[in-house]
Structure formats: C-alpha cells, structure tokens
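Take 414 as the starting number for the sequence shown in our numbering and just add one per residue. Quick reminder that beta carbons are idealized off the backbone N, C-alpha and C, glycines included. Predicted model, so just to flag it, every value in this text is computed and none were measured. First comes the structure, then the notes that go with it.
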Amino acid sequence: MHSDGTTTAQPPQWQGPPPALTAYRSPRGLAVAASILVGVVALADLLDAAMAFVVRGDYQRLVDEPGLSEDVAVNNAVVWAGTSMLEVVALVAAGVVFACWFVRIRKNAELLAPQAPHRRGAGWVVWGWIVPVVSFWFPFQIARDCWRASAPKGDPWGSELVLRLWWAAWLLSLAVGQAAQRLLSAAETPEAYVTGFGVTLVADLVDVVAAVPAILVLRRLTALQDATAVRAAAEYRPAASWQWQA
C-alpha cells in the first residue's frame, strides 16, 4: 500500500499448463509409420494372392489331367511360400509399430480425459492382443474407450462406424486365414490343394480389404486426439494478464 492509500496490483498466480499439455505426445508419427506398413502388408497380400491363384491353377490342371507332372505346381508352391514369408515379415513390422501407436493412444486418452472410463487396465493394451480368447474383444474395447475419451465435447462418442468395420474386418481376416492354414497343412491330394489355395486366395483378399479400415482408424483416432489437445491449449489461459508496476 502506498502513502496515498492506493495499492499496487499484485501479479496473479500463474496456473501453469494442464497436465494434458505437458505430457501429451502426438501419435501422428507412429500413425503415419503404421499406415505405411499396413499398406506394405496389403501389397504383400496381393503378391501372395497372385501366387496362390497360380498354384491353385496348377493343381486344378493336375485334377483335370492326372497324368501331368507335379513339378510345375511344386515349384510355384515354393515361390508362394517365399511370398508368404514376406507377408509375415511385413505383418510383424506393422504389428510392432501399431502396438506402439496403441500404447501412445491409451496414454493420451488418460491425459486428455482423466475422468473417462476405461474398462481394461493399461497392461491389456498389449496383452489384450496376445492372450487367447480375450484377444477377440479386449483390443476393440480399449480402442473404443480411447475413441470416446478423445472425442470432442458435445460429441462424446463420435462416429464409431469405422472402428466397428475395422474390428469386424480384423476378425474375419483371422478366421479365413486360420481356415486356409489348416486346409493347406492337411492337404495331401491335388483336390485338397485346390481347396486350400482357393481359401488362401480369399484370405489374402480379405486382408487387403481389412487394411482400409485399419488405416482409417489410425488416421481418425490420431486426428481426434490431436484436435482435442489443440483445443485444450487454445482454451487454456493464465489467471489474468499483468505487468509489474513501479
């Protein structure tokens, strides 16, 4: 207080940025990398499908003309096995990066909406994909909870159609892929190989289709979180603006 009875305004308490702004890390880089790798997997699937189509045709000719040599079919089957290995390598690489993105998404969701419910603990973000049986629905629940926590205010759930399409396509891909593997493992006759490679062709094409909603989920959920973080930064203000007075 001055001698004339007036007081000098004191600087207000600087509140500091909310935790979401200090600990938030954009998943965009991981999303881009995962999207590219998912695209690589789709290309490998197309190559594998092309070879499966060729080998199926070879065995179909053996069915139609039993006296033909199996050499061509066997040689092409070896080439197909090579394309399948490329497919597996691409899938593993995409899976690792996708898992890193998934972990980042979950951490961000907890920062952006601390009160939002999550039905599964943080440990299930990775283990949910590995543990048998629960892997059929735990990852989807985790993704949906993150989606809802990241959606803008006033639209708490957003449009989850792409999320549901992604998971349905993933489950279908798993089912058809498992069927193809079992048929080929048990095949001993040209007729059985025709069936096995036919289902393999379908499985590869299902994988290609499933890549589309997977990339859309990567892009959409990343965009939701980045938009929410930007909105939180824009809404943040210090308690008041002030200047020191002499």
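Notebook entry, point to check: DSSP state of residue 493, grouped into three classes?
Noted result: Within the sequence shown, the letter at position 80 stands for residue 493. Three-state DSSP puts residue 493 in a helix.
Checklist line | Stretch-stretch touch, CB-based, cutoff 8 Å, three pairs: the segment 502 to 510 with the segment 466 to 477 | finding: no
Next item on the list: Run the CB neighbour count on residue 451, radius 10 Å, all protein chains shown included, and call it buried at 16 or more, exposed below.
Entry: Position 38 of the sequence shown, counted from the start, is the residue given in the question as residue 451. The residue in question, residue 451, is buried, as its Cβ has 16 or more Cβ neighbours within 10 Å.
Next item on the list: Along the alpha helix (DSSP H) that carries residue 553, what are the first and last residues, could you check?
Entry: Counting from 1 along the sequence shown, the entry for residue 553 is found at position 140. Segment 551 to 563, the alpha helix (DSSP H) holding residue 553.
Checklist line | 8 Å Cβ shell around residue 630 - same chain, five flanking residues per side excluded | finding: Mapped onto the sequence shown, residue 630 falls at position 217. Correct list, in chain order: 556, 575, 576, 579.
Notebook entry, point to check: Helix, strand or coil: which one does DSSP assign to residue 653?
Noted result: For the purposes of this step, residue 653 is identified with residue 240 of the sequence shown, where counting begins at 1. No answer about residue 653 holds up, because its pLDDT of 41 lies below 50 and its placement is not dependable.
Item checked: Helix, strand or coil at residue 602 [DSSP, three-state] -> In the sequence shown, counting from the first residue as 1, residue 602 sits at position 189. In this structure, residue 602 counts as coil in the three-state DSSP scheme.
Margin query: Measuring straight from C-alpha to C-alpha, what distance separates residue 642 and residue 460?
Written below: Within the sequence shown, the letter at position 229 stands for residue 642. Within the sequence shown, the letter at position 47 stands for residue 460. Roughly 40 Å separates the two Cα atoms.
Next item on the list: Can you grab the Cα-Cα spacing for the pair residue 646 / residue 518, in whole Å?
Entry: Translated into positions along the sequence shown, residue 646 becomes position 233. Translated into positions along the sequence shown, residue 518 becomes position 105. Each residue's alpha carbon lies about 18 Å from the other.
Item checked: Which listed residue (608, 522, 600, 613) has its alpha carbon closest to that of residue 538 -> For the purposes of this step, residue 538 is taken as residue 125 along the sequence shown, with counting starting at 1. Ranking 608, 522, 600, 613 by Cα distance to residue 538 puts 522 first.
Note to self: For residue 586 and residue 639, what's the separation of their Cα atoms in angstroms?
What the structure shows: One-based indexing of the sequence shown puts residue 586 at position 173. One-based indexing of the sequence shown puts residue 639 at position 226. Rounded to the nearest angstrom, the two C-alpha atoms are 30 Å apart.
Next item on the list: Give the single residue among 472, 553, 534 whose Cα lies nearest to the Cα of residue 583.
Entry: By one-based count along the sequence shown, residue 583 stands at place 170. Among 472, 553, 534, the Cα nearest to that of residue 583 belongs to 553.
Note to self: Just to confirm the assignment: which complete beta strand (DSSP E) runs, minimum length 3, are found wholly within the segment 580 to 639?
What the structure shows: none
Next item on the list: In the DSSP assignment, find the alpha helix (DSSP H) that holds residue 474 and state where it starts and stops.
Entry: Indexing the sequence shown from 1 puts residue 474 at position 61. Counting along the chain, the alpha helix (DSSP H) containing residue 474 begins and ends at 441 to 477.
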